Amino acid sequence: MDLAPVLDGFTVVLEPTNLLYCLIGVVVGMLVGVLPGLGPAATIAILLPITIGIEPVTAIIMLAGIFYGAQYGGTITSVLLKLPGEASSVVTVFDGHALARQGKAGTALGIAAIGSFVGGTVSIIALTFLAPLVAGFALDFGPPEYTALALLGILLVATVSSGSRLKAVVAACIGLLLATVGRDAFTGGERFTFGSLNLADGLDFVPIAMGLFGLGEILYNLEERHTAAQAPAKVANVWPSRKDLRQSSGAIGRGSVLGFVLGILPGGGATLSSLAAYAVEKKRSKTPERFGNGAVEGVAGPETANNAAATSSFIPLLTLGIPANATMAVIFGALLIQGVSPGPQLVTQEPELFWGVVNSMYIGNILLLIMSIPLVGLFVKILRVRPAILAPITVLITLIGVYTVNNSVFDIVLVIVFGVLGYLMKKIGFDPGPLLLAFVLGTLLEDSLRRSLLIFDGDATGFFTRPISGTLLVVFLLVALVPMIRAAMTRRPTAAQQNDTSKELV
Amino acid sequence: MTVLVGYVPTPEGDAAFAAALQEARRRGEPLVVLNSPRGGAPVSADVAPEDAVRRMHERAGADGIALDLRQNAHSGDAADEVLRVAQEVDASVIVIGLRRRSPVGKLLMGSSAQRILLDADRPVLAVKP
Amino acid sequence: MSSARDGARTPGSPGGSSAAGATPEGDVVTTRAAETTPSTLHDLEEAVHQLEHDAEHRPPPAGTTTNLVVATLVVALGAAALVGSLSLGAGSAGNPGSGTWPLVLSIVIIVLGLGLAATARTTSDAERFSRSSWLVLAGLATMVVFVALVSVIGFEIPAALLAFVWLRFLGGEGWRTSIVTSIGVVVAFYLIFVAALSVPIPHLF
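Those sequence lines, one after another, are chains A, B and C.
First residue of the first sequence: 1, per my numbering; consecutive thereafter.
First residue of the second sequence: 507, per my numbering; consecutive thereafter.
First residue of the third sequence: 636, per my numbering; consecutive thereafter.
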């Protein structure tokens with residue numbers, strides 16, 4: 001393997017600007033993870049206007065830092081307050097908070113920090129070897145392969161999204177429809193623009209992302225009832241004992257591998273891997289009754305896995321140009337704004353960008369580890385700020401920020417419209433993630449599909465004549481149809497069974 | 507008829523609690539402790555931590571006084587909340603702790619003690635640590 | 636807690652605890668799962684959902700009417716898109732035109748919308764619109780006022796108004812705090828965006 005570009009990447013990372021933005025990203029990420037309300041996807045979306053004025057490498061370094069920083073930030077509230085700050089830290093509540101109640105909050109936080117560091121680092125090393133391989137393999141992809149890949153990616157994300165699958169697929173279809181607004185690349189004609197000059201070039205990604213994720217989430221949170229307040233928790237013993245470390249080492253190792261593998265799959269991601277890691281640790285343990293009462297493995301496993309997964313979920317984006325989850329979709333958009341097209345050619349054509357981002361994750365993980373324990377007290381203090389104060393500030397940052405992109409008031413209108421859409425979608429159970437993901441992939445998908453049809457002369461079975469696109473499409477059909485078939489099959493026996501139980505009760 | 511004390515985990519609050527305990531003993535009435543944080547934030551410095559709560563129960567128990575601790579959050583003004591609860595529990599006296607505030611501090615942040623003293627429709631006992 | 640999750644559920648069977656083979660104790664297991672720690676991935680999911688639900692205090696689920704209305708809206712959207720794509724030219728598989736892809740999408744949306752209508756009775760992941768939804772409407776109104784006024788009188792006054800309404804009425808803060816914070820926020824924004832960054836946003840001062 002040619003190591004020169006990898007080493008060049010380190011030179012890029014060690015530039016003072018990039019180091020600074022890495023630090024900013026990680027700190028913002030931890031803050032976002034600690035504070036209830038906004039998540040990393042929403043924060044990255046709101047900060048998109050900032051990325052316009054800086055170098056692509058610097059921008060992505062910061063955004064990546066926000067993402068994996070948030071995985072750790074969520075742990076702090078899970079452990080200390082039994083409040084999961086992030087979806088991927090929910091599992092940590094079980095044993096992490098139990099440890100805190102026993103006065104061992106520092107142990108839990110320390111193990112989580114170490115696990116996060118190891119998981120992230122192992123994941124980056126694996127990424128370093130795997131990514132160029134995948135990219136090289138994908139260079140041979142043609143339009144049929146991209147069609148199949150995009151379809152599969154969208155379907156997988158819709159499958160694993162929160163809320164019903166049906167609604168997630170509807171959301172994705174709406175996203176694909178929105179991508180058609182504007183000029184048709186093939187014929188040059190206008191589509192769905194309703195004569196508006198503003199829509200002639202298509203819908204801009206930034207207002208949609210900022211509105212859907214940013215304003216949508218803020219509006220949605222307005223309806224949340226107050227959580228009961230707690231007294232500020234004190235963190236006493238700051239570091240885990242050697243016994244704890246030895247006990248967790250297995251969990252950390254397994255968590256790294258599990259997280260890495262599950263993170264690559266579109267739709268898998270940090271949350272799924274934290275759940276899986278917890279389940280694995282409990283199954284493996286010779287003393288499973290300790291779980292839920294302060295088993296360190298119950299903290300080490302999930303925390304390692306979620307950071308490993310957060311890192312490896314960059315692989316599909318950076319090597320294939322396919323975002324694996326909603327946050328990656330926003331980062332995809334950030335790259336597009338900068339004029340960088342993600343895809344297999346990224347590794348070879350923009351090695352400084354690729355390796356700069358990858359290597360920045362090493363630094364980011366080190367920063368996380370260093371800052372995590374000393375800053376815990378600070379983060380807990382920040383939790384005293386009432387969300388009612390942060391909300392209007394975030395709204396104004398979004399409204400004014402979106403203006404700075406194109407100096408256009410129409411963008412502010414657009415961000416509000418999509419804010420309402422985002423709110424309504426969350427309210428009635430449609431996950432906005434698949435919509436944005438489908439929107440960013442929409443143009444690619446349609447282009448590839450039309451090109452493929454031209455290649456195959458309109459014969460859709462042509463997809464199956466090529467090995468890669470054929471396999472991907474088969475997987476697509478399996479993922480789409482199998483759950484429906486299973487649901488149909490299980491509904492009939494259940495009806496019969498319910499009749500039985502009612503007889504038993506009588 | 508009860509004794510109501512507005513409590514926060516500060517020296518003023520502790521002084522108020524001690525005074526309220528005495529009042530409750532003197533009047534032979536149960537004690538209601540209002541420890542209500544401003545709603546919204548997950549963490550608030552106004553909430554009495556577990557050991558403080560335990561000590562309150564111990565001291566009340568030692569004096570044979572029934573203790574009702576309310577820690578639910580409120581939105582809006584703290585003074586309004588105290589007055590509202592005073593009405594609800596039919597307090598015969600409201601006990602509060604007084605804190606020094608500079609004139610500028612009073613202007614920017616107001617004084618709930620002042621509001622309670624002026625707006626209450628029942629006796630108020632203001633205590634200094 | 637963030638709601639824009641990156642994958643919150645395993646692709647398990649939608650049948651869940653009522654799948655064939657589940658014992659009549661299924662319901663008991665689900666409630667117990669909230670107390671004892673779960674071992675299987677499915678129990679884990681249940682416990683996680685319970686925890687998130689307890690932490691978030693959201694309104695109750697919506698009824699069948701709401702679900703049907705939603706389904707109707709989806710079908711209507713699909714139908715509108717269908718009409719639009721036909722007018723663009725449907726094309727064919729061998730000769731895809733402008734409207735081919737939107738046509739495919741609109742058909743899929745209509746079919747899925749009908750599916751939503753069919754399952755409207757059992758859907759429970761939508762929330763009921765309650766009194767707190769008026770807060771959202773108020774928040775939205777402030778944003779509309781902001782965008783309407785910003786090009787006319789600059790951003791300072793609309794922003795201060797927006798912040799004030801959010802703090803005082805949507806956030807339950809006191810008068811003093813709301814006024815002071817709104818002014819503080821606008822000053823900070825002015826210093827950052829206009830003075831430091833020279834963003835050409837319409838401003839009065």
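For glycine and all other residues, C-beta sits at the position ideal for the given N, C-alpha and C.
Keep in mind the model is a prediction, meaning the values are calculated, not measured.
Residue i touches chain C at which residues, Cβ-Cβ below 8 Å?
i	result
P84 of chain A	M636, L686, E687, A690
Using a beta-carbon distance below 8 Å, is residue i in contact with chain B?
i	result
L507 of chain A	With chain A covering only 1 through 506, there is no way to say anything about residue 507 of chain A.
A108 of chain A	no
A4 of chain A	no
Within its chain, find whatever has a CB closer than 8 Å to the CB of residue i; leave out the 5 residues flanking it on each side and keep chain order.
i	result
Q497 of chain A	For Q497 of chain A, the predicted model reports a pLDDT of 47, less than 50, meaning its position is unreliable and no value from the coordinates is stated.
L721 of chain C	G734, L738
G732 of chain C	L723, G724, A725, G726
L38 of chain A	V32, I46, G214, E217, I218, T394
Quick one: list the residues of chain B neighbouring residue i, beta-carbon separation under 8 Å, in chain order.
i	result
G807 of chain C	G545, G546, S581, G582
V296 of chain A	Within chain B, no residue comes near V296 of chain A; the closest Cβ sits about 24 Å away, beyond 8 Å.
Please decide whether residue i counts as near chain C, where near means a Cβ-Cβ distance under 8 Å.
i	result
Y21 of chain A	no
K427 of chain A	yes
A388 of chain A	yes
G406 of chain A	Reading off the sequence shown, one finds Asn at residue 406 of chain A, where the question assumed Gly. It does not; no Cβ of chain C falls within 8 Å.
L63 of chain A	no
G153 of chain A	no
In chain order, what residues of the same chain lie with their CB nearer than 6 Å to the CB of residue i, ignoring the 5 residues before and after it?
i	result
L414 of chain A	P207
V633 of chain B	A521, A522, A525, G603
S123 of chain A	F260, A308, T311, S312
G110 of chain A	W239, P240
State buried or exposed for residue i, treating a residue as buried only when at least 16 other CB atoms are found within 10 Å of its CB.
i	result
E556 of chain B	exposed
K71 of chain A	Checking the displayed sequence, the identity of residue 71 of chain A turns out to be Gln instead of Lys. Q71 of chain A is buried by the Cβ-count criterion.
L436 of chain A	buried
I363 of chain A	buried
R466 of chain A	buried
P609 of chain B	exposed
M62 of chain A	buried
L133 of chain A	exposed
W769 of chain C	exposed
F828 of chain C	buried
F137 of chain A	exposed
E594 of chain B	exposed
P695 of chain C	exposed
Could you name the residues of the same chain whose beta carbon sits closer than 7 Å to that of residue i, not counting the 5 residues immediately before and after it, in chain order?
i	result
K426 of chain A	G216, Y220, P432
T671 of chain C	Reliability of the predicted coordinates at T671 of chain C is poor, the pLDDT of 48 falling under 50, and the value obtained from them is presented with this limitation in mind. For T671 of chain C, where only same-chain residues beyond five positions count, there are no Cβ hits under 7 Å.
For residue i, return the contacting residues in chain A, with the cut-off set at a CB-CB distance below 8 Å.
i	result
T758 of chain C	S164, G429
P694 of chain C	E223
G750 of chain C	L166
L802 of chain C	A388, I389, P392
V705 of chain C	I428
A776 of chain C	None at all; the shortest Cβ gap to chain A is about 11 Å.
Contact criterion: CB-CB distance below 8 Å. Does residue i meet it with respect to chain A?
i	result
V785 of chain C	yes
V780 of chain C	no
I788 of chain C	no
E791 of chain C	no
A755 of chain C	no
E681 of chain C	no
A794 of chain C	yes
Report the neighbours of residue i on chain B: residues whose CB is nearer than 9 Å to its CB, in chain order.
i	result
A70 of chain A	What A70 of chain A touches in chain B: nothing, since even the nearest Cβ is about 17 Å away.
Taking Cβ-Cβ distances shorter than 7 Å, what residues in chain B pair up with residue i?
i	result
P36 of chain A	P548
Mind pulling the chain A residues with CB within less than 7 Å of residue i?
i	result
F740 of chain C	According to the sequence as given, residue 740 of chain C is Leu; it is not Phe. Neighbours of L740 of chain C on chain A, chain order: C173, L176, L177.
Which residues of chain C have a Cβ atom closer than 7 Å to the Cβ of residue i, listed in chain order?
i	result
F192 of chain A	G719
> the segment 540-574 of chain B: which residues have C-beta closer than 7 Å to a C-beta of chain A, in chain order?
Replying inline: P543, R544, G545, G546, A547, P548, V549, S550, A551, V553, A554, P555
> Looking at chain B, which residues of the segment 78-102 of chain A have a Cβ within less than 7 Å of any of its Cβ atoms?
Replying inline: L81, L83
>> If the cut-off is 9 Å on Cβ atoms, which residues from the segment 392-403 of chain A count as contacting chain B, listed in chain order?
In response: none
> When you check each C-beta in the segment 167-178 of chain A against every C-beta of chain C, which residues fall closer than 8 Å?
Replying inline: Under the 8 Å Cβ criterion, the segment 167-178 of chain A contributes K167, V169, V170, C173, I174, L176, L177.
>> Under 8 Å, CB to CB, which of the residues in the segment 265-281 of chain A have a partner in chain C?
In response: G267, G268, G269, A270, T271, L272, L275, A276, Y278, A279
> Using a Cβ cut-off of 7 Å, which residues of the segment 808-833 of chain C contact any Cβ in chain A, in chain order?
Replying inline: E808, T816, V820, F824, F828
>> If the cut-off is 7 Å on Cβ atoms, which residues from the segment 228-262 of chain A count as contacting chain B, listed in chain order?
In response: A228, A229, Q230, A231, P232
> Looking at chain B, which residues of the segment 358-388 of chain A have a Cβ within less than 7 Å of any of its Cβ atoms?
Replying inline: V380, L383, R384, V385, R386, P387, A388
> Going along the chain, which residues of the segment 719-732 of chain C sit with their C-beta nearer than 8 Å to a C-beta in chain A?
Replying inline: Cβ proximity to chain A below 8 Å picks out G719, L723, S727, A728, G729, N730, P731, G732 from the segment 719-732 of chain C.
>> Output needed in chain order: residues of the segment 432-464 of chain A with a Cβ under 8 Å from some Cβ in chain C.
In response: Listed by position along the chain: P432, G433, E446, L449, R450, L453, L454, D457, G458, D459, A460.
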